[in-house]
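Listed in order, the protein sequences are those of chains G and D. Under our numbering, the first residue of the first sequence is numbered 1, with each subsequent residue one higher. Under our numbering, the first residue of the second sequence is numbered 1, with each subsequent residue one higher.
Number of protein chains: 2
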Amino acid sequence: MNELDPPARAKGRRVKSAASEQKTERKPVAPALPSQDGRVIIENVAPEIDGGRAAAKCKAGAVFTVEADIFSDGHDVLAADVLWRKAEGDGAWSRAGMAFVDNDRWSGVFSPPDIGRYLYTVEAWRDTFASWRRDTQKKSAAGQDVSLEIDEAMTMLEASKADGEDAGIANELRARISDAGATDRLEVLLSAETAALMSRIGPRHGVSHRAPVLELSVDRLAASFSAWYELFPRSQSGDAERHGTFDDVVAKLPYIRDLGFDVLYFPPIHPIGRTNRKGRNNSLTAGPQDPGSVYAIGSEAGGHQDVHPELGTIESFRRLVSAAHAHGLEIALDFAVQCSPDHPWIKEHPEWFDWRPDGTIKFAENPPKKYEDIVNIHFDGEGYPGVWYALRDVILFWAEQGVRIFRVDNPHTKPIPFWRWLIREVNSALPDVIFLAEAFTRPKMMQKLAKIGFQQSYTYFTWRNTKSEIVTYMTELTGEMADYYRPNFFVNTPDINPYYLQTGGRPAHLVRATLAATLSSVWGMYSGFEICEARPVPGREEYLDSEKYEIRNFDLDRPGNIKDHIRALNRIRNANPALQDLRGFLPLLSSNDQVLVYARLTPARDNCILVIVNLDPYNVHTTQYEVPLWEFDLPDFAAIETEDLLNGNRFVLYGKTHTITIDPAQGPVAIWKLLPPSWRAGA
Amino acid sequence: MNELDPPARAKGRRVKSAASEQKTERKPVAPALPSQDGRVIIENVAPEIDGGRAAAKCKAGAVFTVEADIFSDGHDVLAADVLWRKAEGDGAWSRAGMAFVDNDRWSGVFSPPDIGRYLYTVEAWRDTFASWRRDTQKKSAAGQDVSLEIDEAMTMLEASKADGEDAGIANELRARISDAGATDRLEVLLSAETAALMSRIGPRHGVSHRAPVLELSVDRLAASFSAWYELFPRSQSGDAERHGTFDDVVAKLPYIRDLGFDVLYFPPIHPIGRTNRKGRNNSLTAGPQDPGSVYAIGSEAGGHQDVHPELGTIESFRRLVSAAHAHGLEIALDFAVQCSPDHPWIKEHPEWFDWRPDGTIKFAENPPKKYEDIVNIHFDGEGYPGVWYALRDVILFWAEQGVRIFRVDNPHTKPIPFWRWLIREVNSALPDVIFLAEAFTRPKMMQKLAKIGFQQSYTYFTWRNTKSEIVTYMTELTGEMADYYRPNFFVNTPDINPYYLQTGGRPAHLVRATLAATLSSVWGMYSGFEICEARPVPGREEYLDSEKYEIRNFDLDRPGNIKDHIRALNRIRNANPALQDLRGFLPLLSSNDQVLVYARLTPARDNCILVIVNLDPYNVHTTQYEVPLWEFDLPDFAAIETEDLLNGNRFVLYGKTHTITIDPAQGPVAIWKLLPPSWRAGA
């Protein structure tokens, strides 16, 4: 590499240069010419996740914004396009112009029409005619002679090839110019019409193709906007002594739909093992009537592609799926990659599991804790690739039964390459399948699962309770993470009975449901939340008498339930675009740390929801807060019409700063729609 | 891409799956197996500039720190190495262990010994034996039977191949274990000695090679630590009527060295054109005695590889270079890629220039302004590649005369690919050559020039005057930019006579010199600053009667000069490692916005300089400020011995908070060295 490119000229009259000395040592191969590529610089394209190693996400039909730093040497006028196409096949690139924003930053948009994988990139060039136009305008304005400039422009116009409609425009312009005198000629050449034509057909100098080609994963609406309801089918008989069936769930569909949910999610519905079966409240020994943990999958009745015999059959499951669809509900299934010691796979495919030196199977463990009702799949060694295909086939099997959403249990304890492959594999065949990562682990692993393809992710929301915790977390989620991470804010799960709900009663449930439903475009609850069921295993975040280990029957009409509020939340979400996309979170000044005030806004500022939450379930609080008039370019003294979305009242807020007192016993939250004057004029 | 990988097993007993349906459509090619690569995730490697598209920089022998997010599924113990090697050739990778920091972040270091280009990357794996050890320790502590675990460990130890010294250790351990009873055997297997051996020879599962291979440019010390002095050789005769010579500069060397500078930089020293020559104060018509602008390079006397006849000859220039080296000074030359209309290249190589339709040469312009004493090189079209080679040969020519530092004039108006190629080309032959980018333009272009190879860069320092401006700018420069951008803080240049200096007199010069010399490890001044010469062209940042257009003679001993202070600054810099590296800037609390207080610290905290600057050249100010005791783990009430580096006084500061009053007339700055107790103990 100590060689130098050849000097282009012989130069004898000067002192012998280091270069010519070097030349004598060069091997007789033709060196490459210096690269001229990259004169127009395109950098810092956004979104670009991990240097382009992961795909961004958006929903079909949505506006997808691409930004980049674009600049070049000197002072030439630049122009740029954003380019996109489907990732599969050899389709042509579509393109749209980008606009200069500020500080060498440019921005452009496109709307991918269909779900699937897309590629996008940025192209930029030096616009020779536009540079000529800017300079000649200045010279002409300064009274300088521009006859040579006119010649230069004529040459450019003559040399530019136009197709289709542009050919006619170009010919007409050329004719007008050749007929005109010098003054008129300049006027035509400097006209906006000529500028517009030449921006399309004029010379493009140094077109840069150095921008990275990035991937975009385009999903259907449910990936980014949906409301989930979770229940245990076996608890739906209306009798804790009787095992519920899929038909019992069918009977429950109107109830769930009436609450406004659109995804109905079941924990595992498969046969449950007998060996080391867990009893009630996770006890190590099960009684003869204990149904076992739904996560101990597999028995003599079958495994991951079978249903628990007492729930029904594949046929009754299909009936349930159809009935759900008829109610506007989608079914989501749990995908838990683990087996009870009785799973048929263990005999059929011992090589898919880990064995001890004494020939016994290796149980799941977190030393010194042991989980002897569960064995884990061995993803490498002899299990590879057989068990990978088998697990993919499980997904495809349930997809064939009409399921298109899978909540994946503990994905962070299985290899990342497996998930990357599985999701790509399934989505290649069925691009409408959505995977939700149930990973409650360290932040970087949770982010990684989203980066390698999970369309939705659980979050730390259940443990973010104070104002600063919530604002900090929302700021993180709605920043760069929003390019690839779609949070699903569950207020509770069968595994998480948050202390705040255990102790805060009905007001706490109203608070958390409101936060989840208005902070995140995807939210969910686990059955029982709507009746404020929160009795814990003392000192733990577990539910007492958890449905994970036994059949329960709740009175869903019991007094103090918050069904009306949940129904209202889902109604408000469906009516307001600001709540249908994660982005657009605006924390607002609030003088009292117990009162959280925020707005949710669309990018166009044509929908704005103001939410005020007293986070303290026990005490009345007063706060001084700000209404974000500035977002609508309104002065601080402006009046803004406001609708209370919970009770339909209308009133006017005068000015930016207001005071409110909230009694949690009367209702700890307010959800208002702001109606700035400009919207009323348009309405 | 709608194909699926083959199921590994025939499965007839279940409902026909979507996968098997897909199979019937598959083309008869063997699909690739799913990739298992990347089970251990390595992400967010730092430094990684623009997704690995640009090289990081460090100095030879310095500690270079590499960080990465490293994690994997499940709970296995991980291990990681940082790897590095010379970029050229096929040398083996060196490696050093990385350590866990926090939140899945790991860190490792190495010290590249020589200048040149290196590659570095990160490797990580699941450490099977370490995982076994951690789990078995827990099980054993819980009293569980671990006989199977002992068998598992024995198998691992037997299977591990050891070389060299490790072979002996392994054999000895195996012998001890086979002789021991079960309890002793466990003890040996769990010992730190076994752990250390197995970390080297034990099984490494899922070794990840997915981390990017990144580039590191290693430069000599002068690239990151030096003090520059700029002068016009033609002004060094001691007589404004007589053109100075290189020999006159030789006579000036002791003066410059005595001030403590180590780089002596000249504006262009080449023949100056006659056509459209600029007169005094940039007037459009030169008088017969006006020497012209040094930037109008080229006349019948020669071009870029010639010296102005009145300065001397190549031989006298070489004598000057030798004399400078003998004084411990390096010569830096200006590389201005532009020509006067009389440059020999215009006749020899008309294709290297731009011509108008009427056959005249195109002058430099910024419409409607014209610069008719200058024509620009045309880098593409017919100029390529000939003029590229010629310009490279200019650098190599001066390198042959002993010059190893080039200050490049206005690089942002020439193509980025040219600079990328030129710097790489020159450094491949002469890795000790340093290029300084004189780009005063938009931030992203300035950063880009550093990313593509400029070892040093000019900055916005001359326009950062207030406390918040300085702290904000330093925070930016010492953040991620410091991985590739080496600022050279010039206090003034022939082009920049800052308003602050024009109006602030001697105190202003003391302030700015102190800031430049103690904020940045590279700083510089243009001759005349030391005597507070700041008379401006009224209302402009230009010097009156600028040396750019005429020969000047200054009295460098005139009263009010600040030479003693400059000498002290360079002495303090040379004695204190904290001032020899850009990083380690710590702004400190100061109650008065006119008083800037900061510390400069080494990473090891074994050198700490506290600087207090009254930024207001006119008024006495008092401030309450904090001494950073916490950086040395000292309590807020600790006493710390302190040395005033400007006058040698020693005193003790008691506690964290102090008050100081500074009269700019008495000296607007304090520079103290903090001597925490731990260092005194070591001293």
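Just so it is clear, CB atoms sit at the ideal spot from N, CA and C, and this is done for glycine as well.
Between D:I346 and D:G383, the alpha-carbon positions lie close to 11 Å from each other. Non-local C-beta neighbours of G:Q594 in its own chain, meaning closer than 7 Å and more than five positions away in sequence, comprise N614, L615, D616 and H621, ordered along the chain. Under the Cβ criterion (8 Å, minimum of three pairs), the region 134-144 of chain G does not count as touching the region 94-107 of chain G. Comparing C-alpha distances from D:D358 to each of G:D151, G:T657, G:C608 and G:R650 shows the shortest one belongs to G:D151. G:P677 is classed as exposed because its beta carbon has fewer than 16 other beta carbons within 10 Å across all chains shown. Between G:R486 and G:V522 a beta carbon distance of about 6 Å is seen, short of the 8 Å cut, so the two are scored as contacting.
Interface annotation for the region 93-107 of chain D against chain G: N103 and D104, criterion Cβ-Cβ distance under 8 Å.
Contact residues of the region 135-164 of chain D toward chain G are D135, K138, K139, A142, Q144, L148, D151 and E152 (C-beta to C-beta distance below 7 Å). Beyond the five residues adjoining it in sequence on each side, D:Q502 comes within less than 7 Å, by CB distance, of A534 and P536 in the same chain, given in chain order. For a cut-off of 8 Å, the C-beta gap from D:I566 to D:G260 is around 7 Å, short enough to register as a contact. Closest option to G:K57, judged by alpha-carbon separation, among G:W630, G:D483, G:L610 and G:K563: G:D483. Beta-bridge annotation (DSSP): D:G38 is not paired with any residue. At least one CB of chain G lies nearer than 9 Å to the CB of D:Y384. For G:L422, the closest of G:A68, G:F335 and G:P112 by C-alpha to C-alpha distance is G:F335.
Taking a C-beta cut-off of 7 Å against chain D, the contacting residues of the region 351-363 of chain G are R356, P357 and D358, listed in chain order.
Distances from the CA of D:H658 to each of D:L629, D:R650 and D:P668 were compared; the closest alpha carbon is that of D:L629. Unbroken beta strand (DSSP E) runs of no fewer than 3 residues, entirely contained in the region 504-540 of chain D, are found at 522-526, following chain order. Bridge partners of G:A604 according to DSSP: none are assigned. Interface residue (Cβ-Cβ distance to chain D less than 9 Å): G:M445 is classified as such. In the DSSP annotation of this structure, G:Q455 is not part of any beta strand (DSSP E), being labelled neither H nor E. Residues of the same chain with a CB within less than 6 Å of the CB of G:P577, apart from the 5 flanking positions on each side, are T602 and N607 in chain order. Annotated as proximal: D:D166 and D:L197, with beta-carbon spacing under 9 Å. Looking at the backbone, the Cα of D:E626 and that of D:I660 are separated by about 11 Å. By the neighbour-count criterion, in which 16 or more other beta carbons inside 10 Å mark a residue as buried, D:Y265 falls on the buried side. G:V250 sits buried, since 16 or more C-beta atoms from the chains shown fall within 10 Å of its C-beta. Within chain D, the residues placing a beta-carbon under 9 Å from that of G:S35 are P417, R420 and W421, ordered along the chain. Residue pairing from DSSP places D:Q624 in a beta bridge opposite D:T659. D:E476 and D:V218 have their C-alpha atoms roughly 22 Å apart. D:L589 sits exposed, since fewer than 16 C-beta atoms from the chains shown fall within 10 Å of its C-beta. Using a 10 angstroms sphere on the CB of D:K362, the tally of other CB atoms stays under 16, which defines it as exposed. The C-beta of G:T642 has 16 or more other C-beta atoms within 10 Å across all chains shown, which makes the residue buried.
Short of 6 Å from the beta carbon of D:R558, and not among the five residues preceding or following it, lie these beta carbons of its own chain, in chain order: I531. Secondary structure note for G:N574: its alpha helix (DSSP H) is the uninterrupted segment K563 to A575. Cβ contact annotation for D:I169 (same chain, cutoff 6 Å, sequence separation greater than five): L197, in chain order. Proximity of chain D to G:P368 at the Cβ level (cut-off 7 Å) is accounted for by K138, K139, A142 and Q144, in chain order. The closest CA to that of G:A599, considering only G:V213, G:P635 and G:A670, is found on G:A670.
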